[in-house]
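Numbering (my numbering), first residue to last: 30 to 336. Shown next, in structure tokens, is the structure this report addresses.
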């Protein structure tokens, strides 16, 4: 089968598409015939050598998110061949991953795909929606409490706004000016352009400071300044956590395999509560070009590879 891999540290030009052995599912594993695989910033961290020196292995696969159909099932798996699924293949360093023609992953990493949704869209759900959902669980906000979401126009931030709306939370969404209409339509109560001083802008709407922040843009201290005394700050990145102050609780969240949560999020997407967004689609053969676009940034929605 063909798979997107990296052999050495570099930029997106280090991404290659190779012929590699077809993986076989073991106990409690499934093999998915991949229809689409989304690109995420974690992929750039792989080819940049953030996780470990790539010289230690022959090659490392790419991709955490996939959508496709069950192609084969290992012992202990009851899913039928042909079942449409989405997958969050969390282990980062493996020879082949989601950006390939086939993916083997464990049953706790998959969930039914949203019925009636194109699998290209469905492939953008797992990592980002899981991250947003877990981050909100670290923010025990009640209805009418206030939440600031930084980077609200991005993948994690956009899902966070939509999920927070289901909890009755009042949302201050920060993003580009062109994001405002989308974010208000998805549940934002107030909007703050990202070029304004964040704390001052947020406090125009919530003078005492918001009850919590979900820092999807990894701004750190400027976002913490918008939180009221004794509030909660949650970041999706551990390397930009600000020092706690004013009694504000500072937390970091990271997503892992969790089939029940993934199935719930898939169901929300199926009924239109979550809005998957695809910015560009590339064939697997153009994986390096897709990763170069990922590195350039500036898109709203995920880049997706299709075999």
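Heads up, the beta-carbon is just placed ideally off N, CA and C, and yes, glycines get one too.
9 Å Cβ cutoff met for residue i and residue j
i: residue 80; j: residue 74; result: yes
i: residue 331; j: residue 137; result: no
i: residue 240; j: residue 260; result: yes
i: residue 153; j: residue 307; result: yes
i: residue 356; j: residue 238; result: Since the displayed the chain opens at 30 and closes at 336, residue 356 lies outside it and no answer follows.
i: residue 160; j: residue 289; result: no
Limits of the unbroken alpha helix (DSSP H) element including residue i
i: residue 72; result: 70 to 76
i: residue 188; result: 184 to 195
i: residue 325; result: 316 to 325
i: residue 149; result: 148 to 151
i: residue 278; result: Segment 278 to 281 is the beta strand (DSSP E) holding residue 278; no alpha helix (DSSP H) there.
i: residue 166; result: 155 to 166
Cα-Cα separation, residue i to residue j
i: residue 204; j: residue 109; result: 42 Å
i: residue 267; j: residue 49; result: 34 Å
i: residue 210; j: residue 277; result: 31 Å
i: residue 251; j: residue 166; result: 22 Å
i: residue 135; j: residue 88; result: 21 Å
i: residue 133; j: residue 236; result: 50 Å
i: residue 220; j: residue 60; result: 43 Å
i: residue 78; j: residue 164; result: 26 Å
i: residue 222; j: residue 295; result: 30 Å
i: residue 328; j: residue 208; result: 12 Å
Endpoints, the beta strand (DSSP E) within which residue i is located
i: residue 310; result: 307 to 312
i: residue 176; result: 175 to 179
i: residue 80; result: No beta strand (DSSP E) contains residue 80, which DSSP labels as neither H nor E.
i: residue 111; result: That residue, residue 111, is in no beta strand (DSSP E); it is neither H nor E in DSSP.
i: residue 132; result: 131 to 135
i: residue 97; result: 94 to 102
Proximity test, residue i beta-carbon vs the ligand SAH heavy atom, cut-off 8 Å
i: residue 214; result: Only the bare structure without any ligand can be found here, which leaves the ligand SAH out of the picture.
C-beta neighbour in chain D for residue i, strict 9 Å
i: residue 220; result: Given the protein chain composition of this structure (a single chain), no chain D is represented.
Per-residue DSSP class, three states only, for residue i
i: residue 299; result: helix
i: residue 292; result: helix
i: residue 86; result: coil
Curious, which full-length beta strand (DSSP E) runs of at least 3 residues does the segment 195 to 270 contain? 199 to 204, 219 to 222, 239 to 244 and 256 to 264
Which parts of the segment 35 to 73 are runs of the beta strand (DSSP E), unbroken and 3 residues or longer, counting only runs that do not cross its ends? 44 to 48 and 58 to 67
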